[in-house]
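Read the structure below first, then the notes.
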Amino acid sequence: MVAGLARRFGDLDVAEEATAEAFLAAAERWPREGVPANPAGWLATTATRKAIDRLRRESQRDAKHQAARIIYDDTPPEPTGPVEDDRLRLLFTCCHPALALEARVALTLRLVGGLTVPEIARAFLVRETTMARRITRAKAKIKAAHIPYRVPSADDIRERLAGVLAVVYLVFNEGYLASEGDHPVRVELTDEAIRLGRLLRTLLPDDGEVAGLLALMLLTDARRPARVSRTGELVTLDEQDRGAWDRSLIAEASALIRERIEVVAAGGDPPGRYQLQAAINAVHTDAPSARDTDWSTIVALYGRMVLLDPSPIVRLNRAVAVAEVDGPGVALAEIDRLAEVLDGYHAFHAARADLLRRLGRSGESRAAYDRAIGLAGNPAERAYLTRRRDQLAG
Numbered sequence: 135m136v137a138g139l140a141r142r143f144g145d146l147d148v149a150e151e152a153t154a155e156a157f158l159a160a161a162e163r164w165p166r167e168g169v170p171a172n173p174a175g176w177l178a179t180t181a182t183r184k185a186i187d188r189l190r191r192e193s194q195r196d197a198k199h200q201a202a203r204i205i206y207d208d209t210p211p212e213p214t215g216p217v218e219d220d221r222l223r224l225l226f227t228c229c230h231p232a233l234a235l236e237a238r239v240a241l242t243l244r245l246v247g248g249l250t251v252p253e254i255a256r257a258f259l260v261r262e263t264t265m266a267r268r269i270t271r272a273k274a275k276i277k278a279a280h281i282p283y284r285v286p287s288a289d290d291i292r293e294r295l296a297g298v299l300a301v302v303y304l305v306f307n308e309g310y311l312a313s314e315g316d317h318p319v320r321v322e323l324t325d326e327a328i329r330l331g332r333l334l335r336t337l338l339p340d341d342g343e344v345a346g347l348l349a350l351m352l353l354t355d356a357r358r359p360a361r362v363s364r365t366g367e368l369v370t371l372d373e374q375d376r377g378a379w380d381r382s383l384i385a386e387a388s389a390l391i392r393e394r395i396e397v398v399a400a401g402g403d404p405p406g407r408y409q410l411q412a413a414i415n416a417v418h419t420d421a422p423s424a425r426d427t428d429w430s431t432i433v434a435l436y437g438r439m440v441l442l443d444p445s446p447i448v449r450l451n452r453a454v455a456v457a458e459v460d461g462p463g464v465a466l467a468e469i470d471r472l473a474e475v476l477d478g479y480h481a482f483h484a485a486r487a488d489l490l491r492r493l494g495r496s497g498e499s500r501a502a503y504d505r506a507i508g509l510a511g512n513p514a515e516r517a518y519l520t521r522r523r524d525q526l527a528g
């Protein structure tokens, strides 16, 4: 709804405020009057009227006054162009090159993904106040620069694709293992991210990274039925019931990966980070059991990823794989080099705790688990980490 109003009225603040007022009106009226036959239509109509009312109140500004009369305007609408979905259109609009990449991702997570500022801050590993300022500045820049809410051209779509893919993946990750709240998995976010991924695939069928991201999300989501136990505890990959994995999603992802392998073999562009991540997940999925996982291939794939994206988190993930090939001591040495930049990241301390446990250093492992538990926002992760800590000897 926010996306549709932003496209129509060209103002993010108006779109967000009108949407919030429409839901508030529904909360007040529906319990008394009953839910209308078409709830979505009622909300959309109410939000549109709220937006028009606000713009009319500001009618001394000619541009706003013109926008307020849009509902009565007989002028044919602009062609929708290659992007037919309002939410996908808003993604591309917010990924305008005038905004810094981090601002594009944060703003669209807020508007399209519906994430709160604390959730987005956790995804970016920054303070809430920093993220709030970033989103506010992004909105202000859009308004000050008069960035239009219109359909991007085909060239613009490709120029903005990296930011859009980053947004979709962060929305998926927040849904797959929610950073906070009582629900470890937010299916509405994972489903929305996959839906957007499929739309992007339809829009850009020859783009390798679009295919790679969709395959990555499908393979990850395929494991969701086995991801959380009945008691609400995270189940790690090596402990999951592989028979519970969604084979239809795995088949869809595998077809995408095979397609990209054939393209690369025929001289196409080398795989990017999403294709490499999809390949890593495919190695896990192809293994009949955790014991049979080809860790050497995973380490090699992470090595290629580090060349493309030498971020601390990629290096952390590579070190975890190195532990399965060269042992926990080698991996711990690699992880400890990341301590300064990843000290506020719970997964860093969780990985370190496990390696220390395997090395028999129970006291240090317990301290690392305590730190990871304190930083983890997801209840399923906290439950898992607490159990692992309590199982330590001594």
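For the sequence shown, this note's numbering begins at 135 and goes up steadily by one.
We treat Cβ as the ideally placed atom computed from N, Cα and C, and that holds for glycine.
Provide the residue(s) that pair with residue i in DSSP beta bridges, ordered along the chain.
i, result
"Val-456", "None, per the DSSP bridge assignment."
"Val-448", "Bridge partners of Val-448: none, in fact."
"Val-362", "Leu-368"
Under a three-way DSSP split, which group does residue i fall into?
i, result
"Val-260", "coil"
"Leu-442", "helix"
"Arg-471", "coil"
"Gly-402", "coil"
"Ile-254", "helix"
"Gly-309", "helix"
"Ala-152", "helix"
"Asn-415", "helix"
"Arg-394", "helix"
"Ser-430", "helix"
"Gln-409", "helix"
"Pro-513", "helix"
"Leu-476", "helix"
"Arg-244", "helix"
"Ile-186", "helix"
"Arg-522", "helix"
"Ser-496", "helix"
"His-483", "helix"
"Trp-540", "The structure shown does not extend to residue 540, since the chain is modelled only from 135 to 528, so the question has no answer here."
"Val-319", "coil"
"Ser-423", "coil"
"Cys-228", "helix"
"Pro-538", "What is shown of the chain runs 135 to 528, which leaves residue 538 out entirely."
Within 10 Å of its beta-carbon, does residue i have 16 or more other beta-carbons around it, so buried, or fewer, so exposed?
i, result
"Phe-572", "Any property of residue 572 remains undetermined from this structure, which presents the chain solely from 135 to 528."
"Leu-442", "exposed"
"Arg-521", "exposed"
"Pro-462", "buried"
"Ala-161", "exposed"
"Pro-444", "exposed"
"Val-305", "buried"
"Lys-273", "buried"
"Glu-474", "exposed"
"Gly-437", "exposed"
"Glu-326", "buried"
Where residue i and residue j are concerned, what is the direct C-alpha to C-alpha distance, given to the nearest angstrom?
i, j, result
"Pro-213", "Ser-287", "Caution is warranted here: a pLDDT of 48 is assigned to Pro-213, below 50, making its placement in the model unreliable, and the coordinate value is therefore given only provisionally. Cα to Cα, the separation comes out at about 11 Å."
"Leu-233", "Lys-275", "8 Å"
"Val-362", "Asp-220", "33 Å"
"Ala-257", "Thr-263", "14 Å"
"Leu-371", "Ala-424", "8 Å"
"Asp-470", "Gln-409", "28 Å"
"Asn-172", "Val-298", "31 Å"
"Arg-505", "Pro-318", "20 Å"
"Ala-356", "Ile-395", "21 Å"
"Trp-429", "Leu-450", "15 Å"
"Met-439", "Val-456", "14 Å"
"Gln-411", "Gly-342", "12 Å"
"Ala-378", "Asp-420", "14 Å"
"Asp-207", "Leu-249", "For Asp-207, the pLDDT reaches just 41, beneath the cut-off of 50, and the residue's location in the model is therefore unreliable, although a value from the coordinates is still provided. Cα to Cα, Asp-207 sits roughly 34 Å from Leu-249."
"Glu-308", "Gly-402", "32 Å"
"Glu-373", "Val-433", "21 Å"
"Leu-338", "His-280", "28 Å"
"Leu-435", "Ile-447", "15 Å"
"Leu-222", "Phe-482", "33 Å"
"Leu-295", "Cys-228", "11 Å"
Leaving aside the five residues before and after residue i along the sequence, list all residues of the same chain whose C-beta is less than 6 Å from its C-beta, in chain order.
i, result
"Glu-155", "Lys-184"
"Leu-493", "Pro-462"
"Gly-497", "none"
"Leu-311", "Asn-512"
Which residues in the same chain as residue i place their Cβ atom closer than 7 Å to its Cβ, once the five residues preceding and following it in sequence are excluded?
i, result
"Gly-478", "Leu-259, Leu-509"
"Ala-537", "Residue 537 lies beyond the range of the chain shown here (135 to 528); nothing can be said about it."
"Ser-499", "Ala-487, Leu-490, Arg-491, Leu-526"
"Glu-293", "Pro-231"
Which same chain residues end up closer than 8 Å to residue i when comparing Cβ atoms and leaving out the 5 residues on each side of it in sequence?
i, result
"Leu-348", "Ile-328, Gly-331, Arg-332, Leu-334, Arg-335, Ala-387, Leu-390"
"Gly-366", "Pro-318, Pro-513, Ala-514, Ala-517"
"Leu-383", "Leu-352, Leu-353, Asp-355, Ala-356"
"Asp-290", "Phe-226"
"Gly-530", "Limits of the chain in this structure are 135 at one end and 528 at the other, which puts residue 530 out of reach."
Any beta carbon from chain B within less than 9 Å of residue i's own beta carbon?
i, result
"Arg-505", "Chain labels in this structure do not include chain B; a single protein chain is all it has."
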